[in-house]
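Sequential numbering of the sequence shown, starting at 1, is according to full-length UniProt numbering.
Have a look at the structure below before the remarks.
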Amino acid sequence: MAIVPRRQPSALVSNGLSVATTALNVAGAATDAVPIAKQILNSAAHISAVAEKIQKKREAMYTLVEKADIYATQIDISVAGRVPDASLKRRLERLYSVFLKIEALVSHNAGSKKHPMIRLWQTVITKPIRAETLVVELDREIQLFEAWIQLSLVVDDTARAIAADARYDGQIRLLRDCDIEKRKIIMQCATDEGTVTWASARVDGELMVIRYLESSSIVKRDENVVAGVSLQQRAPYIDYLENIKRLSTVLNSHPHIVQLYGRHVQGPTAVFRSGIFSLASQFYIMTAEESCGGNVTAKRLRLAYKILDAVFHLEEAHGLVWVGKTAVVDENGEPRIGLFDDIVQADPEQLPPRFPQIYFDILLWFDSRRREETGIVEQVHDCSLHARITEQLRGGTETGRLRQVWAIIRQEQLFVSYNKTVFPIISGKCSLSQEMIARAQLHFEATAMKDVLKPIDAYLRYVLAGGCASLSSAVRVATST
Numbered sequence: 001m002a003i004v005p006r007r008q009p010s011a012l013v014s015n016g017l018s019v020a021t022t023a024l025n026v027a028g029a030a031t032d033a034v035p036i037a038k039q040i041l042n043s044a045a046h047i048s049a050v051a052e053k054i055q056k057k058r059e060a061m062y063t064l065v066e067k068a069d070i071y072a073t074q075i076d077i078s079v080a081g082r083v084p085d086a087s088l089k090r091r092l093e094r095l096y097s098v099f100l101k102i103e104a105l106v107s108h109n110a111g112s113k114k115h116p117m118i119r120l121w122q123t124v125i126t127k128p129i130r131a132e133t134l135v136v137e138l139d140r141e142i143q144l145f146e147a148w149i150q151l152s153l154v155v156d157d158t159a160r161a162i163a164a165d166a167r168y169d170g171q172i173r174l175l176r177d178c179d180i181e182k183r184k185i186i187m188q189c190a191t192d193e194g195t196v197t198w199a200s201a202r203v204d205g206e207l208m209v210i211r212y213l214e215s216s217s218i219v220k221r222d223e224n225v226v227a228g229v230s231l232q233q234r235a236p237y238i239d240y241l242e243n244i245k246r247l248s249t250v251l252n253s254h255p256h257i258v259q260l261y262g263r264h265v266q267g268p269t270a271v272f273r274s275g276i277f278s279l280a281s282q283f284y285i286m287t288a289e290e291s292c293g294g295n296v297t298a299k300r301l302r303l304a305y306k307i308l309d310a311v312f313h314l315e316e317a318h319g320l321v322w323v324g325k326t327a328v329v330d331e332n333g334e335p336r337i338g339l340f341d342d343i344v345q346a347d348p349e350q351l352p353p354r355f356p357q358i359y360f361d362i363l364l365w366f367d368s369r370r371r372e373e374t375g376i377v378e379q380v381h382d383c384s385l386h387a388r389i390t391e392q393l394r395g396g397t398e399t400g401r402l403r404q405v406w407a408i409i410r411q412e413q414l415f416v417s418y419n420k421t422v423f424p425i426i427s428g429k430c431s432l433s434q435e436m437i438a439r440a441q442l443h444f445e446a447t448a449m450k451d452v453l454k455p456i457d458a459y460l461r462y463v464l465a466g467g468c469a470s471l472s473s474a475v476r477v478a479t480s481t
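Shown next as structure tokens:
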């Protein structure tokens, strides 16, 4: 709290008096001719010396008042917003006692009714060092106060750092019940330990997903949300959390894979950054849009590309495998996979997982029509079945069995039903990067090579190979008798 001195005219006066006093003393010492003249010079020198002392006392008073004014403002700024503790109160009380002394001194000099010369003489002679003493005392107390403030800031910073550390376990948040506002159940899964529940929750002002375990003896399950997950392949929870931790850093994360946000201070409860809506709800919205004349073909294709790219990221960058069957979406329709304990370590000794059903759900069933007819097989449905079989026999490589079956049934009178799925032609550009599309297509091809492709898989390959360019209609046919 340094004081910036104000330049006072009194300083010039004081310097002038000092020079005059010195000159008079020299002149008095040099004068021997006329005794009275010497006495006059000595008297003038004495008057000048007294005046010099008076001026210095005035300067000390000016300095004292000026410092008191500046320090008082700085003290007010320093303690603003603080809750005074015992130490701060003691320090302020010491400062206040100094200010009371200054106030008493100034009030005494200003309020006395004695002759001004007498008041001035008493100030200079009877209390010669009062102002200077108070300046020194005030400076000392301010230095101690400033040191206390600096120490207090260090202590506050340390306390805040400790409090911040207490809210985190490494890179994830530590949460208590009061931090979590549970909302709607998304999914439940029956296990030997109890029922695992995934529910939407508001945490730190954001919508996330909380996963918690309830004892079988107290849980009230919704069978509509339990059945869909009970049979899925699930990773051991501890292993799953470790896998998700790896995927929750800035460098390792993917926008379409869930991230671990925090865990409860007690028990296995965890919170994830994830969508809170089921994929089925997104399909429902798309179906509603289609019924109103909207074109959601590109939306479905983008959805498939994003999930394929996320799975590619898991396998290529981290040696992990997604074994799930469904995904969740956020309020913007963006998908995320990996919420339901379904990210596991890749095991070369195990057979690779079958191509996930989710892609069929996204791309296959949204424009599928079933037709039934009884008649000569090669003539039913306006010969559509005949045309399709002929096309497959012409372009296929393993058609021996199909040719034999067709030769047997083509002239038979049978009940025939088939499903026709058409993926419409897409015009215009896709909003995804070509790099993402290429990764998605690469993953599909790599996965398809691990399995025997059926006609339905060939259909998916045909759809995904377009890369959001113009696509010819693709048809899948199934027969039954």
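Idealized CB from N, CA, C, for every residue including glycine.
Residue i: first and last residue of the uninterrupted alpha helix (DSSP H) it sits in
i: V271; result: Unbroken run through V271 is the beta strand (DSSP E), 270-273; no alpha helix (DSSP H).
i: G262; result: Segment 259-264 is the beta strand (DSSP E) holding G262; no alpha helix (DSSP H) there.
i: Q357; result: 357-363
i: A346; result: Element bounds for A346: n/a, residue is neither H nor E.
i: L247; result: Careful: L247 lies outside any alpha helix (DSSP H) and carries neither H nor E.
Environment of residue i [buried if 16+ CB atoms lie within 10 Å]
i: A201; result: buried
i: F145; result: buried
i: A465; result: exposed
i: I408; result: exposed
i: F415; result: exposed
i: V463; result: buried
i: G170; result: exposed
i: G338; result: buried
i: P356; result: buried
i: W249; result: The sequence as given places Thr at residue 249; Trp does not occur at that position. Answer is exposed; the Cβ neighbour count stays below 16.
i: residue 530; result: Look at the range of the chain in this structure, 1 to 481, and you will see that residue 530 is not part of it.
i: residue 482; result: Given a span of 1 to 481 for the chain in the structure shown, any question on residue 482 remains unanswerable.
i: V136; result: exposed
i: L175; result: buried
i: E445; result: exposed
i: Q441; result: buried
i: K184; result: exposed
Beta-bridge pairing of residue i - partner residues as DSSP gives them
i: D169; result: I172
i: S278; result: V328
i: M187; result: W198
i: Q413; result: I376
i: V203; result: I180, E206
Proximity winner among the options, relative to residue i (alpha-carbon distances)
i: T287; options: F277, G275, I276, R300; result: R300
i: L320; options: R263, D342, T421; result: D342
i: T253; options: R336, V203, R403; result: The sequence given here has Ser at residue 253, not Thr. Residue R336 is the option with its Cα nearest to S253.
i: I186; options: E193, Y212, G170; result: Y212
i: V329; options: Y168, G81, K245, R273; result: R273
i: residue 484; options: V98, A147, L153, L402; result: In the structure as shown, the chain begins at 1 and stops at 481. Residue 484 is therefore absent and cannot be evaluated.
i: V377; options: Q357, W406, L303; result: W406
i: M436; options: A310, F340, R370; result: A310
i: E373; options: V258, S384, L364; result: S384
i: E59; options: A131, S78, E103, S248; result: A131
i: N332; options: A438, L303, F360, P348; result: L303
i: L460; options: G400, Q434, L364; result: L364
i: E412; options: A440, W198, V380, L308; result: V380
i: F360; options: L308, K184, F312, I389; result: L308
i: L279; options: K184, R246, A327, L402; result: A327
i: I180; options: G267, E193, G375, M208; result: M208
i: T297; options: T421, Y96, T73; result: T421
i: G262; options: L251, G275, I244; result: I244
i: I358; options: L402, I389, Q282, R401; result: Q282
i: Y168; options: H318, T63, V265; result: V265
i: L138; options: A104, E242, D177, L95; result: L95
i: D192; options: E289, S215, A270; result: S215
i: R173; options: L260, Q345, T447; result: L260
Enclosing beta strand (DSSP E) for residue i [first to last residue]
i: V209; result: 206-214
Quick check on the DSSP output: what are the complete alpha helix (DSSP H) runs of length 4 or more inside the stretch 280-342, in order along the chain? Whole alpha helix (DSSP H) segments, 4+ residues: 297-318.
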